[in-house]
Amino acid sequence: MRTQVGIIGGGPSGLLLARLLSLAGIRVVLLERQSPGYVLGRIRAGILETIATDLLREAGCGTRLDAEGLVHDGTFINFQGDGLRIDFKDLVGRHVTVYGQTEVTRDLMDANTAAGVEAFYEAPVTRIEGLQGDRVRLTFTHGGAEKVLECGFVAACDGYHGVGRAAIPASVLKTYERVYPFGWLGVLADVPPCAHELVYANHRNGFALASMRSPTRVRGYIQVPLHETVDDWSDERFWAEYKTRLGPETAKAVATGPSIEKSIAPLRSFVAEPMRYGRLFLAGDAAHIVPPTGAKGLNLAASDIRYLSRALIAHYANNSHDLIERYSADCLARVWKATRFSWWMTTLLHRFPETDAFGHGLQRTEFDYLKSSRAAQTVLAENYVGLPI
Ligand code: APR
Ligand code: PHB
Numbered sequence: 000m001r002t003q004v005g006i007i008g009g010g011p012s013g014l015l016l017a018r019l020l021s022l023a024g025i026r027v028v029l030l031e032r033q034s035p036g037y038v039l040g041r042i043r044a045g046i047l048e049t050i051a052t053d054l055l056r057e058a059g060c061g062t063r064l065d066a067e068g069l070v071h072d073g074t075f076i077n078f079q080g081d082g083l084r085i086d087f088k089d090l091v092g093r094h095v096t097v098y099g100q101t102e103v104t105r106d107l108m109d110a111n112t113a114a115g116v117e118a119f120y121e122a123p124v125t126r127i128e129g130l131q132g133d134r135v136r137l138t139f140t141h142g143g144a145e146k147v148l149e150c151g152f153v154a155a156c157d158g159y160h161g162v163g164r165a166a167i168p169a170s171v172l173k174t175y176e177r178v179y180p181f182g183w184l185g186v187l188a189d190v191p192p193c194a195h196e197l198v199y200a201n202h203r204n205g206f207a208l209a210s211m212r213s214p215t216r217v218r219g220y221i222q223v224p225l226h227e228t229v230d231d232w233s234d235e236r237f238w239a240e241y242k243t244r245l246g247p248e249t250a251k252a253v254a255t256g257p258s259i260e261k262s263i264a265p266l267r268s269f270v271a272e273p274m275r276y277g278r279l280f281l282a283g284d285a286a287h288i289v290p291p292t293g294a295k296g297l298n299l300a301a302s303d304i305r306y307l308s309r310a311l312i313a314h315y316a317n318n319s320h321d322l323i324e325r326y327s328a329d330c331l332a333r334v335w336k337a338t339r340f341s342w343w344m345t346t347l348l349h350r351f352p353e354t355d356a357f358g359h360g361l362q363r364t365e366f367d368y369l370k371s372s373r374a375a376q377t378v379l380a381e382n383y384v385g386l387p388i
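Under numbering that gives the first Met the number 0, the sequence shown has 256 at position 257, and the numbering climbs by one with no breaks.
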């Protein structure tokens, strides 16, 4: 088998790249370890920057997004009894859109299937060879047989646990990591949201977030210690703690109901450099992980794919190598800024077990300053809605 671009991973990064390249007439083959149903069953983020929504429209996947996506002009922050609304529209003239990653994935999968994009599911890539040569060889298994795909370039869109990053020699790859001492317990339920925008809360018991997927479906999160499991959290216990942390005013409007999904995700910051090695590109979670507090994971994946699709299209259209050479540096500049912002939001809003009185004083002051300074609010707003490409 031969193709121009081999894509490892059929999450949002791989699906979006496959879509944009095939629209430009570039031949691609997508190899995904799991089944389509498994990929669609993963509940993840739900906030899109305009860079991401514009790119989805460019990919011909804007119809349902524009009909069902909820435009949010701001967000609320409740900090230990004090409240603040960050008005994105007033501060920076921009907004974000609530549209679940599951829906993004479904729209991209449907578009790729309709366009006849070649995709193999339950087809894990096991070996990557020839990254510094003329052609890359990807070995994968499918239907019990081992197969080889030869390609001009390979895009590792295979997430944090993928094989792509591991193919870069240790002497070349540098990684940066921060593991936070807590996780997020997330609950999905078919009840209406408690507010028309998201509510982020810092309470003495820890962080909480009231998010949503639609006018009839909420996604709620609370910070939990790493040793706890979903079995420690009945729906009743979750809703009670969630309401406490959101504060009495917000809690009054919280509707509760049976959870339809419940999971715990640890929080981590991670950056790998470089994001290109010869004919291999890393994109999305394969190259970086952010804690979810700033809602940047999916958006960074989209911006990587924007850079990568343009680089590969320029290469195949006019043999230009310039954007390929710049890919890693272009992506990383934006990745590090989102990494900084996500770390900052996490630090402001969580209860850190080791923090002393001095740390609590600084955290309180950070909020007071944010509340009193339009400049500080503008910094939050411009990062939240997404820094320019
Ligand atoms: N061969 C084939 N596929 C693989 C392999 C492999 N060896 N290893 C991993 N994969 C697949 C996984 O099964 C997964 O479906 O790669 C895909 C990676 O998808 P994601 O983890 O969703 O990563 P990405 O597409 O970059 O999306 C980033 O998703 O994880 C969230 O917070 C993240 O919102 C962000 C977005
Ligand atoms: C979500 O809706 O899942 C969500 C929203 C905002 C975040 C993180 C997650 O910061």
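Glycine is no exception: its CB is placed at the ideal position from the N, C-alpha and C atoms.
What would DSSP say about residue i, mapped onto helix, strand or coil?
i, result
"R164", "helix"
"D86", "strand"
"C150", "strand"
"N274", "Inspection of the sequence shows that residue 274 is occupied by Met rather than by Asn. If DSSP states are grouped into helix, strand and coil, M274 belongs with coil."
"L137", "strand"
"S170", "coil"
"H76", "As written in the sequence, residue 76 is Ile, which differs from the His given in the question. Of the three classes helix, strand and coil, the one that applies to I76 here is strand, per DSSP."
"N201", "strand"
"M211", "strand"
"A66", "helix"
"A380", "helix"
"Y315", "helix"
"L15", "helix"
"H287", "strand"
"R43", "coil"
"T2", "strand"
"Q100", "helix"
Please report the Cβ distance between residue i and residue j, rounded to the nearest whole angstrom; I am assuming they are in contact, meaning their Cβ atoms lie under 8 Å.
i, j, result
"Y159", "I288", "6 Å"
"H359", "G205", "Not a contact, Cβ separation roughly 13 Å."
"P290", "S341", "5 Å"
"N111", "R18", "6 Å"
"V153", "L29", "Between L29 and V153 the Cβ distance is about 11 Å, and since that is not below 8 Å, they are no contact."
"T255", "W238", "4 Å"
"F280", "A155", "7 Å"
"F366", "D81", "7 Å"
"A194", "R244", "So it is not a contact: roughly 14 Å between Cβ atoms."
"Y276", "L130", "6 Å"
So does residue i have its beta carbon nearer than 7 Å to some heavy atom of the ligand PHB?
i, result
"R84", "no"
"L297", "no"
"P265", "no"
"A294", "yes"
"P168", "no"
"R236", "no"
"R244", "no"
"P192", "no"
Note down, in chain order, each residue of its chain lying with its Cβ closer than 6 Å to the Cβ of residue i, except the 5 sequence neighbours on either side.
i, result
"R84", "G73 and F75"
"R267", "V178 and I288"
"T70", "For the sequence presented, residue 70 should be read as Val rather than Thr. The residues are H94 and T96."
"A122", "L30, F139 and H141"
"Y175", "V270"
Taking all protein chains shown into account, do 16 or more other C-beta atoms lie within 10 angstroms of the C-beta of residue i, making it buried, or fewer, making it exposed?
i, result
"A301", "buried"
"N317", "exposed"
"F87", "buried"
"I127", "buried"
"I167", "buried"
"A118", "buried"
"L307", "buried"
"H202", "buried"
"L50", "Looking at the sequence provided, one finds Ile at residue 50 rather than Leu. Buried, by the Cβ-count rule."
"F357", "exposed"
Comparing the CB of residue i with every heavy atom of the ligand APR, is any distance shorter than 7 Å?
i, result
"G158", "yes"
"G45", "no"
"V38", "yes"
"R32", "yes"
"G59", "no"
"V124", "yes"
"D106", "no"
"A337", "no"
"A165", "no"
"G185", "no"
"S12", "yes"
"V162", "yes"
Among residues of its own chain, excluding the 5 on either side of residue i, which ones have a beta-carbon nearer than 8 Å to its beta-carbon?
i, result
"P11", "Q100, V103, T104, L107, G283, L297, A300 and A301"
"I25", "Q3, V4, L311, I312 and Y315"
"M0", "V28, K146, V147, L148 and E149"
"A264", "G182, W183, G185 and P291"
"E260", "I42, G185, V186 and L187"
"V253", "C193, A209, W238, Y241, K242 and L245"
Here's a check: name, in chain order, each residue in its chain whose Cβ is nearer than 7 Å to the Cβ of residue i, leaving out the five neighbours to either side.
i, result
"R309", "L322"
"M459", "For the chain, the structure presents residues 0 to 388; residue 459 sits outside this window and is missing."
"E235", "none"
"L14", "T104, L107, M108 and N111"
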